[in-house]
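Numbering (this note's numbering), first residue to last: 3 to 293. Even for Gly, the Cβ is constructed at its ideal location relative to N, Cα and C. Remember, it's a predicted structure, so these values are computed and weren't measured experimentally.
If you want it as structure tokens, here you go:
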């Protein structure tokens, strides 16, 4: 015999059953509950990026620095100057400064969440931390590459329009592909900064590490070159660092030591290996610690 429904019970409420009997009415949410996937994480990270003012400031300063200094260089050169350099070379001088803004953005992409405590909410909503970190890398990497290519090629197109006469010599499509490698190199620097931020979890500390990665090798290489015993190591460091790599990728082939310039393949291999190692370390670290 079924127990009577208590007075005042809400209509449609589940009936109380004795142990061992199946529940007559199981609750189901009226809201859709799709299984979370990488697309959701990408949408979340994109929303974070475009809604934070630091993103607009850093990307804007990067774009204005590269384009502004590049166009200034274009106005100060003549057509015969481009016999030895490519049309995208003027963007190099702005890029050597603007890369700092790109590295800062890479750091802030993750350290800002640690500073505000939002990372706890993020990992609570998405417990699979590898998916969150992958989304950060993808969103930042694509944004950084598109911004870098846009600013560099804008300067290159301006140089081609202003100095595109016969006095500038013959320019082939290959010089533009070399500039694409340079843009990819700067993007990898930003990805490296993001991974350092994931490891350090502190904005100032991660930015200091990245500034050391860019500025210290030329100084250390020059110091080591003074002693005969360390001269080969010093020469190798001078020829394989961030400024030298960008200079050669953007069409200026002279070696910093006066000898033959190293291959651009070696520059790309170094940045790829260093970035891949830092990214792998960030995945291992983020998965093991609390936040």
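- request: Report the rounded CA-to-CA distance for residue 144 versus residue 50, giving the unit in angstroms.
  value: Here residue 144 corresponds to residue number 142 of the chain shown, with the count starting at 1. Here residue 50 corresponds to residue number 48 of the chain shown, with the count starting at 1. Distance between the alpha carbons of residue 144 and residue 50: 15 Å.
- prompt: Exposed or buried, which one is residue 197 when buried takes at least 16 other CB atoms within 10 Å?
  reply: Position 195 of the chain shown, counting from 1, holds the residue named residue 197. By the neighbour-count rule (16 or more Cβ atoms within 10 Å), residue 197 is buried.
query: For residue 131, is the beta carbon positioned less than 7 Å from some heavy atom of the ligand GDP?
result: Inclusion of the ligand GDP in the displayed structure is not the case, the ligand content being empty and no account of it being possible.
message: Going by DSSP in three states, residue 139 sits in which element: helix, strand or coil?
response: For this step, residue 139 is matched to residue 137 along the chain shown. Correct three-state label for residue 139: helix.
query: Of the choices 246, 216, 87 and 159, whose alpha-carbon is the least far from that of residue 192?
result: Taking the chain shown and counting its residues from 1, one reaches residue 192 at position 190. Nearest in C-alpha terms to residue 192, of all of 246, 216, 87 and 159, is 216.
- prompt: Sorted by chain position, which residues of the same chain lie with C-beta nearer than 7 Å to residue 98's C-beta, five sequence neighbours on each side aside?
  reply: Counting from 1 along the chain shown, the entry for residue 98 is found at position 96. Only 245 and 248 meet the Cβ criterion.
- prompt: DSSP state of residue 220, grouped into three classes?
  reply: Taking the first residue of the chain shown as 1, we reach residue 220 at position 218. Three-state DSSP puts residue 220 in a helix.
- request: Taking residue 44 as the reference, give the member of 115, 128 and 288 with the closest Cα.
  value: Taking the chain shown and counting its residues from 1, the one referred to as residue 44 is at position 42. Selected option, being the one with the closest Cα: 128.
query: Going by other Cβ atoms of all chains shown within 10 Å of its Cβ, with 16 needed for buried, is residue 132 buried or exposed?
result: As a working note, residue 132 is residue 130 in the chain shown. So residue 132 ends up on the exposed side.
- request: For the alpha helix (DSSP H) containing residue 42, list its first residue and its last residue.
  value: If you number the chain shown from 1, residue 42 lands on position 40. Counting along the chain, the alpha helix (DSSP H) containing residue 42 begins and ends at 40-53.
query: How many angstroms separate the CA atom of residue 278 from the CA atom of residue 285?
result: Working through the chain shown from its first residue, we reach residue 278 at position 276. Working through the chain shown from its first residue, we reach residue 285 at position 283. Each residue's Cα considered, the two are about 11 Å apart.
- prompt: residue 273 and residue 139: beta carbons closer than 8 Å?
  reply: For the purposes of this step, residue 273 is identified with residue 271 of the chain shown, where counting begins at 1. For the purposes of this step, residue 139 is identified with residue 137 of the chain shown, where counting begins at 1. For residue 273 and residue 139, no; Cβs fall outside 8 Å.
- prompt: Is it the case that the Cβ atoms of residue 85 and residue 164 are separated by a distance below 8 Å?
  reply: Here residue 85 corresponds to residue number 83 of the chain shown, with the count starting at 1. Here residue 164 corresponds to residue number 162 of the chain shown, with the count starting at 1. Going by C-beta atoms, residue 85 is not nearer than 8 Å to residue 164.
query: Based on Cα-Cα distance, which residue from 160, 47, 200 and 209 lies nearest to residue 73?
result: Locating residue 73 in the chain shown gives position 71, counting from the first residue. Minimum Cα distance to residue 73 is reached at 160.
task: Count the other CB atoms, across all protein chains shown, that sit within 10 Å of the CB of residue 92; report buried if there are 16 or more and exposed otherwise.
output: As a first step, residue 92 is located in the chain shown; it is residue number 90 there, counting from the start. Residue 92 should be labelled buried.
- request: For residue 225, count neighbouring C-beta atoms within 10 Å of its own C-beta (all shown protein chains included) and say buried if the count is 16 or more, exposed if not.
  value: Translated into positions along the chain shown, residue 225 becomes position 223. It is exposed - the Cβ of residue 225 has fewer than 16 other Cβ atoms within 10 Å.
query: Just how far apart, CA to CA, sit residue 146 and residue 185?
result: The residue you call residue 146 lines up with position 144 of the chain shown. The residue you call residue 185 lines up with position 183 of the chain shown. Distance between the alpha carbons of residue 146 and residue 185 is about 9 Å.
message: If contacts are defined as beta-carbon pairs under 8 Å, then residue 195 and residue 109 qualify, I think. What distance do you get, rounded to the angstrom?
response: Along the chain shown, one-based indexing puts residue 195 at 193. Along the chain shown, one-based indexing puts residue 109 at 107. Between residue 109 and residue 195 the Cβ distance is about 5 Å, and since that is below 8 Å, they are a contact.
task: Grab the span of the alpha helix (DSSP H) containing residue 86 for me, first residue to last.
output: Your numbering for residue 86 matches position 84 in the chain shown. Note, residue 86: premise wrong, no alpha helix (DSSP H); not H, not E.
message: Please tell me whether residue 154 has its Cβ less than 8 Å away from any Cβ of chain B.
response: The structure shown contains no chain B; it is built from a single protein chain.
task: Name the two residues that bound the continuous alpha helix (DSSP H) containing residue 230.
output: Along the chain shown, read from residue 1 onward, the residue named residue 230 stands at position 228. Segment: none, residue 230 is in no alpha helix (DSSP H) and carries neither H nor E.
- prompt: Between the C-alpha atoms of residue 2 and residue 60, what's the straight-line distance to the nearest angstrom?
  reply: Outside the displayed range of the chain (3 to 293) lies residue 2, so it cannot be described from this structure.
query: Using 8 Å as the threshold, is the segment 112-130 in touch with the segment 202-215, meaning 3 or more CB pairs across them?
result: Yes, since at least three Cβ pairs between the segment 112-130 and the segment 202-215 fall closer than 8 Å, the two stretches touch.
- prompt: For the alpha helix (DSSP H) that residue 165 lies in, which residues bound it at each end?
  reply: The count along the chain shown starts at 1 and reaches residue 165 at position 163. Counting along the chain, residue 165 falls outside any alpha helix (DSSP H), and DSSP gives it neither H nor E.
task: Take residue 142 as the anchor and find which of 238, 32, 52 and 236 has the nearest alpha-carbon.
output: On the chain shown, position 140 is the one that residue 142 refers to. Ranking the options by Cα distance to residue 142, first place goes to 52.
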